[in-house]
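*Asks:* So that we are looking at the same thing, I have put the structure below in C-alpha coordinates.
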(Lines of atoms letter the chains of each structure in order from A and count residues from 1; the text may use other names and numbers.)
(Lines give C-alpha, C1' and ligand atoms only; values in the text may rest on other atoms or scores of the structure.)
Protein backbone atom coordinates (compact mmCIF):
# COMPACT_ATOMS: atom_id res chain seq x y z
CA UNK A 1 0.00 0.00 0.00
CA UNK A 2 1.29 3.43 -0.90
CA UNK A 3 1.91 5.67 2.12
CA UNK A 4 3.27 9.21 2.60
CA UNK A 5 6.94 9.19 3.58
CA UNK A 6 7.64 12.78 4.68
CA UNK A 7 5.90 15.87 6.03
CA UNK A 8 4.89 17.42 2.65
CA UNK A 9 3.49 14.09 1.43
CA UNK A 10 1.53 13.60 4.67
CA UNK A 11 -0.01 17.07 4.50
CA UNK A 12 -0.99 16.62 0.86
CA UNK A 13 -2.28 13.07 1.32
CA UNK A 14 -4.49 13.78 4.32
CA UNK A 15 -5.85 17.02 2.93
CA UNK A 16 -6.98 15.35 -0.30
CA UNK A 17 -8.57 12.32 1.37
CA UNK A 18 -10.28 14.63 3.90
CA UNK A 19 -11.32 17.09 1.19
CA UNK A 20 -15.03 16.59 1.81
CA UNK A 21 -14.62 17.29 5.51
CA UNK A 22 -12.92 20.58 4.64
CA UNK A 23 -15.66 21.35 2.10
CA UNK A 24 -18.60 20.66 4.42
CA UNK A 25 -16.97 22.75 7.17
CA UNK A 26 -16.39 25.60 4.71
CA UNK A 27 -12.63 25.49 5.28
CA UNK A 28 -11.18 24.91 1.80
CA UNK A 29 -10.59 28.59 1.11
CA UNK A 30 -8.65 28.83 4.37
CA UNK A 31 -6.70 25.55 4.39
CA UNK A 32 -5.50 25.56 0.76
CA UNK A 33 -3.71 28.95 0.89
CA UNK A 34 -2.18 28.03 4.26
CA UNK A 35 -0.92 24.75 2.79
CA UNK A 36 0.48 26.47 -0.30
CA UNK A 37 2.36 29.10 1.69
CA UNK A 38 3.61 26.57 4.27
CA UNK A 39 4.96 24.16 1.65
CA UNK A 40 6.65 27.03 -0.19
CA UNK A 41 8.35 28.35 2.95
CA UNK A 42 9.30 24.77 3.85
CA UNK A 43 10.95 24.42 0.44
CA UNK A 44 12.71 27.78 0.70
CA UNK A 45 14.14 26.84 4.11
CA UNK A 46 15.44 23.50 2.83
CA UNK A 47 16.85 25.23 -0.25
CA UNK A 48 18.55 27.89 1.89
CA UNK A 49 19.97 25.39 4.39
CA UNK A 50 21.36 22.89 1.89
CA UNK A 51 25.14 22.65 1.50
CA UNK A 52 27.61 20.64 -0.53
CA UNK A 53 27.17 17.88 2.05
CA UNK A 54 23.41 17.66 1.52
CA UNK A 55 22.55 14.21 0.10
CA UNK A 56 21.73 14.36 -3.58
CA UNK A 57 18.29 12.82 -2.97
CA UNK A 58 17.38 15.71 -0.63
CA UNK A 59 18.67 18.59 -2.74
CA UNK A 60 16.25 21.27 -3.89
CA UNK A 61 16.65 22.39 -7.51
CA UNK A 62 14.11 24.97 -8.68
CA UNK A 63 13.38 24.80 -12.40
CA UNK A 64 13.41 27.78 -14.74
CA UNK A 65 9.70 27.24 -15.43
CA UNK A 66 8.88 27.58 -11.73
CA UNK A 67 10.89 30.82 -11.54
CA UNK A 68 9.01 32.24 -14.53
CA UNK A 69 5.65 31.39 -12.96
CA UNK A 70 6.78 33.04 -9.70
CA UNK A 71 7.82 36.18 -11.58
CA UNK A 72 4.46 36.21 -13.40
CA UNK A 73 2.46 36.11 -10.16
CA UNK A 74 4.66 38.78 -8.56
CA UNK A 75 4.10 40.93 -11.65
CA UNK A 76 0.36 40.61 -11.13
CA UNK A 77 0.77 41.86 -7.54
CA UNK A 78 2.80 44.81 -8.86
CA UNK A 79 -0.06 45.70 -11.22
CA UNK A 80 -2.45 45.59 -8.25
CA UNK A 81 -0.40 48.17 -6.36
CA UNK A 82 0.01 50.44 -9.38
CA UNK A 83 -3.60 50.35 -10.59
CA UNK A 84 -4.88 50.96 -7.07
CA UNK A 85 -2.66 54.02 -6.88
CA UNK A 86 -3.78 55.16 -10.35
CA UNK A 87 -7.47 54.93 -9.37
CA UNK A 88 -6.82 56.36 -5.89
CA UNK A 89 -8.40 53.36 -4.18
CA UNK A 90 -6.48 53.86 -0.95
CA UNK A 91 -4.12 51.82 1.20
CA UNK A 92 -6.89 49.77 2.85
CA UNK A 93 -8.14 48.54 -0.54
CA UNK A 94 -4.57 47.73 -1.65
CA UNK A 95 -4.20 45.55 1.44
CA UNK A 96 -7.56 43.81 0.88
CA UNK A 97 -6.83 43.11 -2.78
CA UNK A 98 -3.31 41.91 -1.97
CA UNK A 99 -4.73 39.48 0.58
CA UNK A 100 -7.02 38.19 -2.17
CA UNK A 101 -3.97 37.83 -4.43
CA UNK A 102 -2.19 35.79 -1.73
CA UNK A 103 -5.13 33.34 -1.62
CA UNK A 104 -5.76 33.03 -5.35
CA UNK A 105 -3.17 34.22 -7.89
CA UNK A 106 -0.23 33.41 -5.62
CA UNK A 107 -1.29 29.75 -5.37
CA UNK A 108 -0.72 29.40 -9.12
CA UNK A 109 2.99 29.91 -8.39
CA UNK A 110 3.27 28.52 -4.85
CA UNK A 111 2.05 24.99 -5.54
CA UNK A 112 4.24 24.51 -8.65
CA UNK A 113 7.13 25.72 -6.49
CA UNK A 114 6.16 23.25 -3.74
CA UNK A 115 6.18 20.53 -6.40
CA UNK A 116 9.99 20.76 -6.32
CA UNK A 117 10.01 19.16 -2.88
CA UNK A 118 10.59 15.42 -2.57
CA UNK A 119 6.96 14.58 -3.37
CA UNK A 120 6.00 11.48 -5.32
CA UNK A 121 3.20 12.06 -7.83
CA UNK A 122 1.89 8.56 -7.05
CA UNK A 123 0.79 9.86 -3.63
CA UNK A 124 -1.40 12.45 -5.36
CA UNK A 125 -2.71 9.97 -7.93
CA UNK A 126 -3.84 7.51 -5.24
CA UNK A 127 -5.37 10.24 -3.05
CA UNK A 128 -7.33 11.58 -6.02
CA UNK A 129 -8.68 8.07 -6.73
CA UNK A 130 -9.80 7.79 -3.10
CA UNK A 131 -11.49 11.17 -3.51
CA UNK A 132 -13.27 9.71 -6.55
CA UNK A 133 -14.69 6.84 -4.48
CA UNK A 134 -15.85 9.31 -1.84
CA UNK A 135 -17.51 11.42 -4.55
CA UNK A 136 -19.57 8.44 -5.73
CA UNK A 137 -20.80 7.90 -2.17
CA UNK A 138 -21.70 11.60 -1.83
CA UNK A 139 -23.62 11.55 -5.12
CA UNK A 140 -25.63 8.48 -4.03
CA UNK A 141 -26.44 9.95 -0.59
CA UNK A 142 -27.44 13.34 -1.99
CA UNK A 143 -29.69 11.82 -4.65
CA UNK A 144 -31.36 9.51 -2.13
CA UNK A 145 -31.96 12.56 0.06
CA UNK A 146 -33.51 14.31 -2.92
CA UNK A 147 -35.76 11.35 -3.72
CA UNK A 148 -37.19 11.32 -0.19
CA UNK A 149 -37.56 15.11 -0.37
CA UNK A 150 -35.11 16.09 2.35
CA UNK A 151 -34.54 19.85 2.23
CA UNK A 152 -31.39 21.18 0.60
CA UNK A 153 -29.20 22.71 3.29
CA UNK A 154 -26.51 25.33 2.85
CA UNK A 155 -23.81 26.07 5.38
CA UNK A 156 -21.84 29.30 5.28
CA UNK A 157 -18.66 29.17 7.32
CA UNK A 158 -18.38 31.79 10.06
CA UNK A 159 -14.93 32.47 8.58
CA UNK A 160 -16.67 34.33 5.75
CA UNK A 161 -15.58 37.55 7.47
CA UNK A 162 -12.08 36.81 6.13
CA UNK A 163 -13.38 37.93 2.72
CA UNK A 164 -13.48 36.53 -0.79
CA UNK A 165 -17.24 36.21 -1.24
CA UNK A 166 -19.76 33.96 0.50
CA UNK A 167 -19.74 31.40 -2.35
CA UNK A 168 -16.15 30.46 -1.45
CA UNK A 169 -17.17 29.66 2.13
CA UNK A 170 -20.46 27.84 1.38
CA UNK A 171 -21.18 24.10 1.43
CA UNK A 172 -24.39 22.45 0.20
CA UNK A 173 -25.95 19.32 1.70
CA UNK A 174 -28.56 17.01 0.13
CA UNK A 175 -28.59 18.49 -3.36
CA UNK A 176 -30.82 16.59 -5.79
CA UNK A 177 -28.46 16.26 -8.76
CA UNK A 178 -31.13 14.48 -10.79
CA UNK A 179 -33.13 17.70 -11.14
CA UNK A 180 -30.75 20.55 -10.31
CA UNK A 181 -27.73 20.70 -12.62
CA UNK A 182 -26.48 23.94 -11.03
CA UNK A 183 -26.09 22.09 -7.71
CA UNK A 184 -23.80 19.41 -9.16
CA UNK A 185 -20.58 20.86 -7.81
CA UNK A 186 -19.49 18.50 -5.00
CA UNK A 187 -16.14 19.59 -3.51
CA UNK A 188 -15.41 22.02 -6.38
CA UNK A 189 -17.93 24.72 -5.52
CA UNK A 190 -19.14 25.19 -9.11
CA UNK A 191 -20.23 22.67 -11.81
CA UNK A 192 -17.86 24.01 -14.47
CA UNK A 193 -14.89 23.81 -12.09
CA UNK A 194 -15.94 20.28 -11.13
CA UNK A 195 -15.84 19.43 -14.84
CA UNK A 196 -12.42 21.01 -15.28
CA UNK A 197 -10.97 19.36 -12.18
CA UNK A 198 -12.42 15.99 -13.24
CA UNK A 199 -10.64 16.18 -16.61
CA UNK A 200 -7.31 16.68 -14.82
CA UNK A 201 -8.01 14.03 -12.20
CA UNK A 202 -8.98 11.58 -14.96
CA UNK A 203 -5.41 11.81 -16.27
CA UNK A 204 -4.12 11.35 -12.72
CA UNK A 205 -6.23 8.21 -12.39
CA UNK A 206 -4.79 6.90 -15.66
CA UNK A 207 -1.34 6.91 -13.99
CA UNK A 208 -2.49 4.91 -10.95
CA UNK A 209 -0.68 1.56 -10.81
CA UNK A 210 -3.27 -0.32 -8.72
CA UNK A 211 -5.95 -1.59 -11.17
CA UNK A 212 -8.82 -1.28 -8.67
CA UNK A 213 -8.14 2.36 -7.87
CA UNK A 214 -7.34 3.17 -11.51
CA UNK A 215 -10.74 1.86 -12.66
CA UNK A 216 -12.60 3.65 -9.86
CA UNK A 217 -10.84 6.93 -10.62
CA UNK A 218 -11.24 6.79 -14.39
CA UNK A 219 -14.92 5.79 -14.25
CA UNK A 220 -15.81 8.35 -11.61
CA UNK A 221 -14.16 11.32 -13.25
CA UNK A 222 -15.66 10.54 -16.67
CA UNK A 223 -19.03 10.31 -14.92
CA UNK A 224 -18.47 13.65 -13.16
CA UNK A 225 -17.43 15.31 -16.43
CA UNK A 226 -20.73 14.36 -18.07
CA UNK A 227 -22.82 14.85 -14.93
CA UNK A 228 -21.53 18.41 -14.55
CA UNK A 229 -22.80 19.04 -18.11
CA UNK A 230 -19.69 21.10 -18.84
CA UNK A 231 -19.23 21.18 -22.60
CA UNK A 232 -15.71 22.56 -22.30
CA UNK A 233 -14.75 19.61 -20.09
CA UNK A 234 -16.18 17.04 -22.53
CA UNK A 235 -14.38 18.61 -25.49
CA UNK A 236 -11.16 19.03 -23.47
CA UNK A 237 -11.12 15.36 -22.54
CA UNK A 238 -11.40 14.33 -26.19
CA UNK A 239 -9.03 16.97 -27.58
CA UNK A 240 -6.24 16.38 -25.07
CA UNK A 241 -6.46 12.59 -25.49
CA UNK A 242 -6.08 12.95 -29.27
CA UNK A 243 -3.32 15.54 -28.88
CA UNK A 244 -1.28 13.34 -26.55
CA UNK A 245 -1.67 10.31 -28.80
CA UNK A 246 -0.46 12.30 -31.81
CA UNK A 247 2.40 13.73 -29.75
CA UNK A 248 3.69 10.26 -28.86
CA UNK A 249 4.11 9.47 -32.56
CA UNK A 250 4.91 12.94 -33.86
CA UNK A 251 8.46 12.28 -34.93
CA UNK A 252 7.73 9.02 -36.69
CA UNK A 253 7.71 9.16 -40.47
CA UNK A 254 4.29 7.53 -40.70
CA UNK A 255 2.79 10.08 -38.34
CA UNK A 256 4.30 12.97 -40.29
CA UNK A 257 2.92 11.55 -43.52
CA UNK A 258 -0.53 11.02 -41.99
CA UNK A 259 -0.51 14.53 -40.49
CA UNK A 260 0.23 16.04 -43.90
CA UNK A 261 -2.40 13.90 -45.57
CA UNK A 262 -4.99 14.72 -42.90
CA UNK A 263 -4.25 18.45 -43.22
CA UNK A 264 -4.85 18.30 -46.96
CA UNK A 265 -8.11 16.40 -46.53
CA UNK A 266 -9.18 18.84 -43.80
CA UNK A 267 -8.64 21.80 -46.12
CA UNK A 268 -10.67 20.22 -48.92
CA UNK A 269 -13.59 19.02 -46.83
CA UNK A 270 -13.64 21.70 -44.09
CA UNK A 271 -17.09 23.09 -45.07
CA UNK A 272 -18.58 19.59 -44.99
CA UNK A 273 -16.88 18.85 -41.67
CA UNK A 274 -18.40 22.00 -40.19
CA UNK A 275 -21.84 20.87 -41.38
CA UNK A 276 -21.30 17.45 -39.79
CA UNK A 277 -20.16 18.98 -36.48
CA UNK A 278 -23.15 21.31 -36.26
CA UNK A 279 -25.44 18.53 -34.94
CA UNK A 280 -22.79 17.79 -32.30
CA UNK A 281 -22.92 21.42 -31.20
CA UNK A 282 -26.71 21.30 -31.18
CA UNK A 283 -26.60 18.13 -29.07
CA UNK A 284 -24.28 19.73 -26.53
CA UNK A 285 -26.47 22.82 -26.39
CA UNK A 286 -29.54 20.61 -25.83
CA UNK A 287 -27.55 18.59 -23.27
CA UNK A 288 -26.94 21.75 -21.26
CA UNK A 289 -30.62 22.70 -21.41
CA UNK A 290 -32.62 25.72 -22.47
CA UNK A 291 -30.40 28.19 -20.61
CA UNK A 292 -27.31 27.30 -22.66
CA UNK A 293 -27.87 29.80 -25.48
CA UNK A 294 -28.77 32.56 -23.03
CA UNK A 295 -25.66 31.80 -20.98
CA UNK A 296 -23.45 31.99 -24.07
CA UNK A 297 -25.03 35.27 -25.11
CA UNK A 298 -24.48 36.74 -21.63
CA UNK A 299 -20.85 35.58 -21.63
CA UNK A 300 -20.36 37.27 -25.01
CA UNK A 301 -21.78 40.56 -23.72
CA UNK A 302 -19.55 40.45 -20.65
CA UNK A 303 -16.39 39.68 -22.62
CA UNK A 304 -17.00 42.38 -25.24
CA UNK A 305 -17.76 45.02 -22.62
CA UNK A 306 -14.77 43.88 -20.56
CA UNK A 307 -12.46 44.41 -23.55
CA UNK A 308 -13.98 47.80 -24.34
CA UNK A 309 -13.58 49.05 -20.76
CA UNK A 310 -10.02 47.73 -20.59
CA UNK A 311 -8.99 49.45 -23.83
CA UNK A 312 -10.62 52.77 -23.03
CA UNK A 313 -9.89 53.14 -19.30
CA UNK A 314 -6.74 51.32 -18.19
CA UNK A 315 -4.95 49.35 -20.92
CA UNK A 316 -1.51 49.15 -19.25
CA UNK A 317 -2.12 48.32 -15.58
CA UNK A 318 -5.82 47.40 -15.47
CA UNK A 319 -8.54 48.31 -12.98
CA UNK A 320 -7.44 46.13 -10.06
CA UNK A 321 -10.93 45.44 -8.70
CA UNK A 322 -14.32 44.37 -10.00
CA UNK A 323 -17.75 45.64 -9.04
CA UNK A 324 -19.97 43.81 -6.59
CA UNK A 325 -22.32 41.22 -8.07
CA UNK A 326 -25.57 42.94 -8.92
CA UNK A 327 -23.84 46.25 -9.66
CA UNK A 328 -22.62 45.38 -13.14
CA UNK A 329 -24.14 46.71 -16.39
CA UNK A 330 -27.89 46.27 -16.86
CA UNK A 331 -27.38 44.34 -20.11
CA UNK A 332 -25.42 41.68 -18.17
CA UNK A 333 -28.12 41.47 -15.48
CA UNK A 334 -25.78 43.01 -12.95
CA UNK A 335 -22.96 40.51 -13.48
CA UNK A 336 -19.74 42.55 -13.15
CA UNK A 337 -17.15 42.83 -15.90
CA UNK A 338 -13.92 40.87 -15.55
CA UNK A 339 -15.58 37.81 -14.01
CA UNK A 340 -15.70 35.49 -17.06
CA UNK A 341 -12.62 34.08 -18.82
CA UNK A 342 -9.12 34.29 -17.37
CA UNK A 343 -7.74 36.05 -20.42
CA UNK A 344 -10.41 38.77 -20.54
CA UNK A 345 -10.40 39.12 -16.76
CA UNK A 346 -6.66 39.59 -16.51
CA UNK A 347 -6.74 42.33 -19.15
CA UNK A 348 -9.49 44.12 -17.26
CA UNK A 349 -7.97 43.67 -13.80
CA UNK A 350 -4.22 43.74 -14.50
CA UNK A 351 -3.85 45.27 -17.95
CA UNK A 352 -1.55 44.25 -20.75
CA UNK A 353 1.32 43.90 -18.24
CA UNK A 354 -0.46 41.20 -16.25
CA UNK A 355 -1.73 39.54 -19.43
CA UNK A 356 1.76 39.24 -20.92
CA UNK A 357 3.18 37.96 -17.62
CA UNK A 358 0.65 35.13 -17.48
CA UNK A 359 0.84 34.39 -21.22
CA UNK A 360 4.65 34.12 -21.13
CA UNK A 361 4.47 31.74 -18.15
CA UNK A 362 1.96 29.54 -19.96
CA UNK A 363 3.86 29.55 -23.25
CA UNK A 364 7.19 28.82 -21.56
CA UNK A 365 5.67 26.00 -19.52
CA UNK A 366 3.97 24.55 -22.60
CA UNK A 367 7.15 24.27 -24.66
CA UNK A 368 9.18 23.11 -21.66
CA UNK A 369 6.77 20.23 -21.06
CA UNK A 370 6.31 19.57 -24.78
CA UNK A 371 10.05 18.90 -25.11
CA UNK A 372 10.21 16.80 -21.94
CA UNK A 373 7.08 14.78 -22.69
CA UNK A 374 8.88 12.75 -25.37
CA UNK A 375 10.81 10.90 -22.66
CA UNK A 376 8.98 11.71 -19.41
CA UNK A 377 5.56 10.41 -18.35
CA UNK A 378 5.14 13.01 -15.62
CA UNK A 379 5.88 15.75 -18.17
CA UNK A 380 3.10 14.33 -20.35
CA UNK A 381 0.71 14.59 -17.40
CA UNK A 382 1.92 18.14 -16.76
CA UNK A 383 1.30 19.00 -20.40
CA UNK A 384 -2.28 17.69 -20.10
CA UNK A 385 -2.79 19.89 -17.02
CA UNK A 386 -1.49 22.96 -18.80
CA UNK A 387 -3.69 22.30 -21.84
CA UNK A 388 -6.73 22.08 -19.56
CA UNK A 389 -5.78 25.42 -17.99
CA UNK A 390 -5.33 27.06 -21.39
CA UNK A 391 -8.68 25.78 -22.68
CA UNK A 392 -10.66 26.65 -19.56
CA UNK A 393 -8.91 30.00 -19.41
CA UNK A 394 -11.26 31.11 -22.18
CA UNK A 395 -14.38 30.31 -20.15
CA UNK A 396 -13.49 30.59 -16.44
CA UNK A 397 -11.43 32.89 -14.16
CA UNK A 398 -8.90 30.24 -13.13
CA UNK A 399 -7.35 32.26 -10.31
CA UNK A 400 -10.66 32.35 -8.43
CA UNK A 401 -10.73 28.56 -8.13
CA UNK A 402 -7.04 27.79 -7.56
CA UNK A 403 -7.92 26.70 -4.01
CA UNK A 404 -9.93 23.82 -5.55
CA UNK A 405 -7.59 22.43 -8.22
CA UNK A 406 -4.36 22.90 -6.25
CA UNK A 407 -3.29 19.20 -6.62
CA UNK A 408 -3.05 19.88 -10.37
CA UNK A 409 -0.72 22.81 -9.70
CA UNK A 410 1.39 20.59 -7.46
CA UNK A 411 1.77 17.90 -10.13
CA UNK A 412 2.51 20.64 -12.66
CA UNK A 413 5.42 21.72 -10.44
CA UNK A 414 6.67 18.14 -10.20
CA UNK A 415 6.64 17.99 -14.01
CA UNK A 416 8.64 21.24 -14.18
CA UNK A 417 11.59 19.73 -12.26
CA UNK A 418 14.92 19.83 -14.07
CA UNK A 419 18.33 18.24 -13.48
CA UNK A 420 17.38 16.36 -10.34
CA UNK A 421 18.23 12.83 -9.22
CA UNK A 422 16.26 9.90 -10.66
CA UNK A 423 15.27 8.96 -7.10
CA UNK A 424 13.08 12.07 -7.00
CA UNK A 425 12.01 12.56 -10.59
CA UNK A 426 9.45 10.09 -11.86
CA UNK A 427 9.80 9.41 -15.57
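Numbering (full-length UniProt numbering), first residue to last: 1 to 427.
Every residue gets a Cβ at the ideal spot worked out from N, C-alpha and C, and that includes glycine.
What are the boundary residues of the beta strand (DSSP E) that includes residue 171?
*Replies:* Position 171 of the chain shown holds residue 171. Residue 171 -> beta strand (DSSP E) spans 170-173.
*Asks:* Taking only the alpha-carbon atoms, compute the straight-line gap between residue 240 and residue 401 and give it to the nearest angstrom.
*Replies:* Within the chain shown, residue 240 is the residue found at index 240, counting from 1. Within the chain shown, residue 401 is the residue found at index 401, counting from 1. Cα to Cα, residue 240 sits roughly 21 Å from residue 401.
*Asks:* Exposed or buried, what is residue 14 when buried is set at 16 or more other beta-carbons lying within 10 Å of its beta-carbon?
*Replies:* On the chain shown, position 14 is the one that residue 14 refers to. With fewer than 16 Cβ atoms within 10 Å of its Cβ, residue 14 is classed as exposed.
*Asks:* Any chance the region 204-212 sits against the region 113-133, with 3 or more Cβ pairs inside 8 Å?
*Replies:* Touching, yes, given that three or more Cβ pairs across the two stretches are closer than 8 Å.
*Asks:* Among 166, 62 and 39, whose alpha-carbon lies nearest the alpha-carbon of residue 107?
*Replies:* If you number the chain shown from 1, residue 107 lands on position 107. Among 166, 62 and 39, the Cα nearest to that of residue 107 is on 39.
*Asks:* How many Å lie between residue 79 and residue 389 at the Cα?
*Replies:* In the chain shown, residue 79 corresponds to position 79, counting from 1. In the chain shown, residue 389 corresponds to position 389, counting from 1. Approximately 22 Å, taken between the alpha carbons.
*Asks:* Can you list, in chain order, the stretches of the alpha helix (DSSP H) that have 4 or more residues and sit fully within the region 386-420?
*Replies:* Listed in chain order, they are 406-416.
*Asks:* Note down the Cα distance separating residue 381 from residue 83, rounded to an integer number of angstroms.
*Replies:* The residue labelled residue 381 in the question sits at position 381 within the chain shown. The residue labelled residue 83 in the question sits at position 83 within the chain shown. For residue 381 and residue 83, the distance between alpha carbons rounds to 37 Å.
*Asks:* Grouping DSSP H, G and I as helix and E and B as strand, with all else coil, what is residue 16?
*Replies:* In the chain shown, residue 16 corresponds to position 16, counting from 1. DSSP places residue 16 in helix when its eight states are reduced to three.
*Asks:* Considering residue 194, what are the terminal residues of the alpha helix (DSSP H) in which it resides?
*Replies:* On the chain shown, position 194 is the one that residue 194 refers to. 191-206 is the span of the alpha helix (DSSP H), which, as asked, contains residue 194.
*Asks:* Given this structure, state the Cα-to-Cα distance separating residue 246 from residue 374, to the nearest angstrom.
*Replies:* Mapped onto the chain shown, residue 246 falls at position 246. Mapped onto the chain shown, residue 374 falls at position 374. About 11 Å.
*Asks:* Check whether the region 69-76 and the region 360-374 touch, using three or more Cβ-Cβ pairs below 8 Å as the test.
*Replies:* As far as the Cβ criterion goes, the region 69-76 touches the region 360-374, which means the pair count is three or higher.
*Asks:* How would you write the range of the beta strand (DSSP E) that residue 155 sits in, first residue to last?
*Replies:* If you number the chain shown from 1, residue 155 lands on position 155. Run containing residue 155: 153-156, per the beta strand (DSSP E) assignment.
*Asks:* Excluding the five sequence neighbours on either side, which residues of its own chain have a C-beta within less than 6 Å of the C-beta of residue 115, listed in chain order?
*Replies:* Counting from 1 along the chain shown, the entry for residue 115 is found at position 115. Closer than 6 Å at Cβ, skipping near neighbours: 410, 413 and 414.
*Asks:* Straight-line CA distance for residue 194 to residue 320?
*Replies:* Position 194 of the chain shown holds residue 194. Position 320 of the chain shown holds residue 320. Rounded to the nearest angstrom, the two C-alpha atoms are 27 Å apart.
*Asks:* Helix, strand or coil for residue 308, going by three-state DSSP, please let me know.
*Replies:* Residue numbering aside, residue 308 sits at position 308 when the chain shown is read from its first letter. Correct three-state label for residue 308: helix.
*Asks:* Hey, quick one: how far does the alpha helix (DSSP H) through residue 369 stretch, first residue to last?
*Replies:* Start at 1 with the first residue of the chain shown, and residue 369 comes out as number 369. Unbroken alpha helix (DSSP H) run through residue 369: 342-372.
*Asks:* With a cut-off of 8 Å, do at least 3 Cβ pairs link the region 22-39 to the region 149-161?
*Replies:* The answer is yes - the region 149-161 touches the region 22-39, with three or more Cβ pairs under 8 Å.
*Asks:* Compute the distance between the beta-carbons of residue 306 and residue 399, then report whether it is under 8 Å.
*Replies:* Translated into positions along the chain shown, residue 306 becomes position 306. Translated into positions along the chain shown, residue 399 becomes position 399. The answer is no: Cβ separation not under 8 Å.
*Asks:* Residues in the same chain with beta-carbon distance under 6 Å from residue 368, minus the five sequence neighbours each way, listed in chain order, please.
*Replies:* Position 368 of the chain shown holds residue 368. So the list reads 65, once near-sequence residues are dropped.
*Asks:* Is it right to say residue 396 is buried, meaning 16 or more other beta carbons lie within 10 angstroms of its own, or is it exposed?
*Replies:* Along the chain shown, read from residue 1 onward, the residue named residue 396 stands at position 396. It counts as buried.
*Asks:* Restricting to runs no shorter than 4 residues, where is the alpha helix (DSSP H) found entirely within the region 98-125?
*Replies:* 107-114, all fully within the region 98-125.
*Asks:* Any idea if residue 392 is buried or exposed, counting beta-carbon neighbours within 10 angstroms, 16 or more meaning buried?
*Replies:* Residue 392 sits at position 392 when you count from the first residue of the chain shown. With 16 or more Cβ atoms within 10 Å of its Cβ, residue 392 is classed as buried.
*Asks:* Work out the CA separation of residue 237 and residue 376 for me, nearest whole Å.
*Replies:* What you label residue 376 is simply residue 376 of the chain shown in a count that begins at 1. What you label residue 237 is simply residue 237 of the chain shown in a count that begins at 1. If I take the Cα positions, the gap works out to 21 Å.
*Asks:* From residue 314 to residue 61, what does the alpha carbon distance come to, in whole angstroms?
*Replies:* Here residue 314 corresponds to residue number 314 of the chain shown, with the count starting at 1. Here residue 61 corresponds to residue number 61 of the chain shown, with the count starting at 1. If you take the alpha carbons of residue 314 and residue 61, they lie about 39 Å apart.
*Asks:* Just mark residue 270 as buried or exposed, buried being the case when its beta carbon has 16 or more other beta carbons within 10 Å.
*Replies:* The residue given as residue 270 occupies position 270 in the chain shown. Because the pLDDT at residue 270 is just 47, under 50, the model does not fix this residue reliably, and the value given afterwards should be weighed accordingly. Counting Cβ neighbours within 10 Å, residue 270 comes out exposed, since fewer than 16 surround it.
*Asks:* Is residue 45 helix, strand or coil when you go by DSSP?
*Replies:* In the chain shown, the residue the question calls residue 45 occupies position 45. Helix at residue 45.
*Asks:* Is residue 233 near residue 242, with beta carbons less than 8 Å apart?
*Replies:* Looking up residue 233 in the chain shown gives position 233. Looking up residue 242 in the chain shown gives position 242. Taking 8 Å as the Cβ cut-off, residue 233 and residue 242 do not qualify as a contacting pair.
*Asks:* Mind checking residue 165: buried by the 16 CB within 10 Å criterion, or exposed?
*Replies:* As a position in the chain shown, residue 165 is number 165, starting the count at 1. Its Cβ having fewer than 16 others within 10 Å, residue 165 is exposed.
*Asks:* Just tell me which of 196, 344 and 322 has its CA closest to the CA of residue 385.
*Replies:* Here residue 385 is taken as the residue at index 385 of the chain shown, counted from 1. Closest by alpha carbon: 196.
*Asks:* Among 117, 16 and 111, which has the Cα closest to the Cα of residue 456?
*Replies:* No answer is possible for residue 456: the residues shown for the chain start at 1 and end at 427.
*Asks:* Where does the unbroken alpha helix (DSSP H) through residue 211 begin, and where does it stop?
*Replies:* To locate residue 211, count along the chain shown from 1; it is residue 211. Its alpha helix (DSSP H) spans residues 211-227.
*Asks:* Could you tell me the distance, in whole angstroms, from the CA atom of residue 42 to the CA atom of residue 372?
*Replies:* As a first step, residue 42 is located in the chain shown; it is residue number 42 there, counting from the start. As a first step, residue 372 is located in the chain shown; it is residue number 372 there, counting from the start. Computed Cα separation, rounded: 27 Å.
*Asks:* Specify the secondary structure class of residue 319 as computed by DSSP and reduced to three states.
*Replies:* Residue 319 sits at position 319 when you count from the first residue of the chain shown. Residue state, collapsed to three classes: coil.
*Asks:* Could you tell me which whole beta strand (DSSP E) segments of length 3 or greater appear in the region 19-91?
*Replies:* Segments of the beta strand (DSSP E) lying fully in the region 19-91: there are none.
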